[in-house]
Structures are given as structure tokens and as C-alpha cells.
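A.B. asks:
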Amino acid sequence: MLPIEIYRETTRHFLGPILPLLDDPTVSEIMINGPETIYFERNGKLQRSELTFPDAPSLMAAVRNIAEFVNRRIDDEQPAMDARLPDGSRVHVIIPPSSRQGVCVSIRKFQESAFDLEKLVERGSLSAEAAEFLEIAVRIHKNIIIAGGTGTGKTSMLNALSAKIPQDERIIVIEDSSELRLHQPHTVYLEAQPPRPDGRGAVTIRDLFVNALRMRPDRIVVGEIRRGEALDLIQSMISGHAGSLTTVHASTPRDAAIRLETLCLMSDVSLPVYVARTQVASAVHLVVQIVRFSDGSRRVQTISELRGLDADQNYRFADLYRFQTKDRDPDGRILGDLFPTGERPSFFGELAAAGAEELIRLTANLFENRIP
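Just so it is clear: in the sequence shown, position 313 is 1615 by our numbering, and no numbers are missing.
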């Protein structure tokens, strides 16, 4: 396999027509719909670019170079691919005949500056108090689900929360396509692999999960839950591997729980619905719901605690923080912040045992008179 430095050069060569967008720090995403139609996202807004590729073969050459870098297939038998660029940017490709417009490439640019809670607070994604609360939750090994739609910033939040895991813990990161960047020294990255042309050699997220549980993890971080691996994650959460972090596509905390339940039922283990629901209710502690507002900003809408099931076997959620809109500024940007609702977390008594009292500053009202 060629050194990554060579792929950095070759990738930039093949993607030369869009280098102005790749090198622009204000551009967060690039969408190529065939060689002549390119859009990009800046500050949450889509814009049409005047840049183009010379022709379809040149765009396909760029795609094959990316596929070679991540050792994945892209051909008539495998017309879609999840990959990454050497700088960590996420790439999705789909080619004809599955794509009628021609080769389509979506590039979610890697932005390291967004990968800590303090920077997310500066950008207005959440309040300083809410950030402190989430740091405490990570420290005391709460299982946290980050929910949201496509492009809402789930991965950025996952990176930011992962950064608050103590330095002395062993972390296993499991992803379809590697893009998380943790700074803890004892981090092991596992990446799923597609089958070889002969149909063999596939390594799924579920396969990696089985291996991760045998690697003495203190934490398991899963980039995104999409399929039956949800059952493996949920069962690990309730069997001694607390403090897990992951993301899921969902529009509300309740939808996130239902989606996890549904994905558990999609595994190859036959489960009654009530068992799957009970396990999700026992495993998940917090859901961080992220949305993209009409002004293009990405913000945490709610931080909710899952408090088991009610008498009718429905999920019981309590919003601990909720975004409140105040107004709009002259540029149309929504003004508001994430405020505490008055509800207090049920796990207040765990701070002392975890040695997390020293983290309490802005959240004193949330925890006052609650620490044994």
C-alpha cells in the first residue's frame, strides 16, 4: 500500500477542479452531481459553484483514486461507496446506473476546530452550562446517544464528547468509514471492510463489536448505529460497558429510542418487541438532539434523560435542557440559547463516587444539595 503522503498528493491532483472549495475553511460540504453540477455548503446554506470537472472520466478517475486509498470497490457490482480523504473528510460516492445524473460525490469536510465542546459553545451550538453538564455525564460513564438528521453535526458532537473521556481509559472506536479523531493515547480504531471481489473478507460493524468486547475496553464509541449492531451496543451498555457514545438518525429523542429498538429487532437474534424496548430503556441514559435551524445554524435542541418505561410501556423522557428562541438578528440569524428546564438528572448521586464534583461550576443549581 502506498504511503498516505502520496495519496494526499494524488487526491489533490484528481480533485484539482474543486481545490478552491476543498481549501476554503468556510465551506463545510461539497456535493458533485455529475461533472458539470457542483454545489457547496457555507454557513449552513447551499450555493451553486461555477467550478466543473472537464468530463465524466476525469471525475471517475478521482473516485477510483479515493477508492484505492481506502481499499474499497466502486464498480458496476458495487455502485456505492463510503470512504474518506487523506485529511479525514468523509466521502460518499454513487455511480451510474444507480445515479442517473452521472457520478455523484458528497464530501463532508473534516473540521478539527469543531471537535471540542468549547468551540461548539463559541459557535453557539450549545450553552456553556449544557456543555459542562455533558462533560460531567461523560465522566460518570453515562450512555449517550447523539440524534439528528443528515448534516446536523452529530459527528462533531461525538468527537467533542469523546474528548472528555479521561486520558487513562482504553477506548475502542468502531466505524464504517474512519473519521473520528480522539486525542487520548490509548485509543484503538476499528473500521468495517467491504467484501473483496470474490465476495469474501467482509468485516461488518457487528464483527468489530464482537472483537471490541474481547479487547478489554473502558469505552466503546460507535460512529453511527445503522443496522442490527444496535443490539450488540445496547446489550454491552447493560452488561458492564457503560459510558458508550454513538449517533443515530432521528428527529426527536423518542424517535431515537424507537429507532434503536427497531434496529435491535433487525439483528439475527429473535427478540420480542417488549424485550428490545426494555433493553433500550435500561441502556440509554441521555439523548442529545441536534437540529439544523432555518438560518443554517446547527444547534443542540434538547438534552433529554431516558427514565425507563411508563405503565403503558412507552418511553419516559425528561428534557433537562431545551433550546429557546428569542429573536432574529438583522442578518436573519436565530437568537436563542439552551436553557435548563428545571428538571434535575436522576443520577446526581453518582458524582461523588466518580470524583466528578470538581467539574461542577455552572451546573451548581442542577446538582446543589444533591451530592451525598
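Glycine residues also receive a C-beta, built at the ideal position from the N, C-alpha and C atoms. Computed from a prediction, not measured in an experiment: that's the story for all the values here.
Hey, could you find the ends of the alpha helix (DSSP H) T1549 is sitting in?
C.D. replies: No alpha helix (DSSP H) holds T1549; the beta strand (DSSP E) holding it covers L1547 to H1551.
A.B. asks: Is N1335 helix, strand or coil by DSSP?
C.D. replies: Correct three-state label for N1335: strand.
A.B. asks: Secondary structure at K1456, three-state DSSP: helix, strand or coil?
C.D. replies: It is helical.
A.B. asks: Mark F1669 as exposed unless 16 or more other C-beta atoms lie within 10 angstroms of its C-beta, in which case mark it buried.
C.D. replies: It counts as buried.
A.B. asks: Who are the Cβ neighbours of A1658 in its own chain at under 6 Å, not counting the five residues just before and after it?
C.D. replies: The residues are I1438, R1441 and I1442.
A.B. asks: Considering only the beta carbon of each residue, do I1447 and V1523 sit closer than 9 Å?
C.D. replies: Result no, Cβ atoms of I1447 and V1523 do not sit closer than 9 Å.
A.B. asks: Quick check on L1622: does DSSP put it in helix, strand or coil?
C.D. replies: The answer is strand: DSSP assigns L1622 an E or B state.
A.B. asks: Does DSSP put A1449 in a helix, in a strand, or in coil?
C.D. replies: Of the three classes helix, strand and coil, the one that applies to A1449 here is strand, per DSSP.
A.B. asks: Check whether the segment 1498-1515 touches the segment 1399-1410, taking contact to mean three or more Cβ pairs, one atom from each stretch, closer than 8 Å.
C.D. replies: Result no; under three Cβ-Cβ pairs closer than 8 Å.
A.B. asks: Could you check which residue in F1355, L1353 and E1370 has the C-alpha nearest to that of Y1309?
C.D. replies: When only C-alpha atoms are compared, the closest one is E1370.
A.B. asks: Report the start-end ranges of each alpha helix (DSSP H) in the segment 1372-1397 that is 4 residues or longer and not cut off at the edges.
C.D. replies: Entirely contained in the segment 1372-1397, not one alpha helix (DSSP H) run reaches 4 residues.
A.B. asks: Going by Cα to Cα distance, which pick from V1405, E1645, D1597 and L1653 is closest to T1627?
C.D. replies: When only C-alpha atoms are compared, the closest one is D1597.
A.B. asks: For C1566, which residues of its own chain have a beta-carbon under 8 Å away from its beta-carbon, when the five flanking residues on both sides are left out?
C.D. replies: Within the same chain, C1566 has close Cβ partners G1530, A1532, L1533, I1536, L1573, A1578, Q1581 and V1582.
A.B. asks: Could you give the first and the last residue of the continuous beta strand (DSSP E) run that contains R1344?
C.D. replies: Residues I1340 to R1344.
A.B. asks: Alpha carbon to alpha carbon, what distance is there between R1386 and P1305?
C.D. replies: Approximately 15 Å between the Cα atoms of the pair.
A.B. asks: Out of D1570, R1630, F1595 and F1649, which has the shortest C-alpha to C-alpha gap to R1609?
C.D. replies: The option with the nearest alpha carbon to R1609 is F1649.
A.B. asks: For a quick check, are the C-beta atoms of L1419 and A1382 less than 9 Å apart?
C.D. replies: Taking 9 Å as the Cβ cut-off, L1419 and A1382 do not qualify as a contacting pair.
A.B. asks: For E1331, collect the residues of the same chain with a Cβ closer than 8 Å to its Cβ; drop the 5 residues on either side in sequence, then sort them by chain order.
C.D. replies: Only F1342, E1343, S1408, I1409, R1410, K1411 and G1453 meet the Cβ criterion.
A.B. asks: With H, G and I counted as helix, E and B as strand and the rest as coil, what does DSSP make of T1604?
C.D. replies: Three-state result, T1604: strand.
A.B. asks: Tell me, to the nearest whole angstrom, how far the beta carbon of D1455 is from that of S1427; I am working on the premise that it is less than 8 Å.
C.D. replies: According to the sequence provided, residue 1455 is Gly. The question's Asp does not apply to it. Right, their Cβ atoms sit about 7 Å apart.
A.B. asks: How many Å lie between T1665 and R1601 at the Cα?
C.D. replies: In a straight line, the C-alpha of T1665 is about 20 Å away from that of R1601.
A.B. asks: Does DSSP put F1641 in a helix, a strand or coil?
C.D. replies: If DSSP states are grouped into helix, strand and coil, F1641 belongs with the strands.
A.B. asks: Do A1552 and Q1591 come within 9 Å of each other at the CB atom, strictly closer than that value?
C.D. replies: The answer is yes: Cβ separation under 9 Å.
A.B. asks: Between the alpha carbons of I1467 and Q1486, how many angstroms are there, rounded?
C.D. replies: Looking at the two C-alpha atoms, the distance is approximately 8 Å.
A.B. asks: Which partner residues does K1347 have in the DSSP bridge list?
C.D. replies: Answer is R1344.
A.B. asks: Output the distance between the C-alpha atoms of N1667 and A1358, rounded to the nearest integer angstrom.
C.D. replies: Taking the straight line joining both Cα atoms gives about 60 Å.
A.B. asks: Check G1530 in the structure and name its three-state DSSP category.
C.D. replies: Looking at G1530 - three-state DSSP - the assignment turns out to be coil, as it is neither helix nor strand.
A.B. asks: Give the straight-line distance between the Cα atoms of Q1603 and F1641, rounded to the nearest whole angstrom.
C.D. replies: The straight-line gap from Cα to Cα measures roughly 10 Å.
A.B. asks: Only counting the same chain, and skipping five residues up and downstream in sequence, which positions put a Cβ closer than 8 Å to that of S1360?
C.D. replies: These residues qualify, in order along the chain: F1316, P1319 and P1337.
A.B. asks: Name the DSSP beta bridge partners of D1629, please?
C.D. replies: The partner list for D1629 (beta bridge, DSSP) reads L1637.
A.B. asks: Quick test of your reading: K1421 and H1587, contact by CB under 8 Å. State the CB separation rounded to the nearest angstrom.
C.D. replies: That belief does not hold up - the Cβ atoms of K1421 and H1587 are roughly 25 Å apart, past 8 Å.
A.B. asks: Just the Cα atoms here: how many angstroms apart are L1562 and P1356?
C.D. replies: About 44 Å.
A.B. asks: If you measure from the CB of Q1486, is any heavy atom of the ligand GTP nearer than 8 Å?
C.D. replies: Absence of the ligand GTP is noted for the structure shown, with no ligands found whatsoever.
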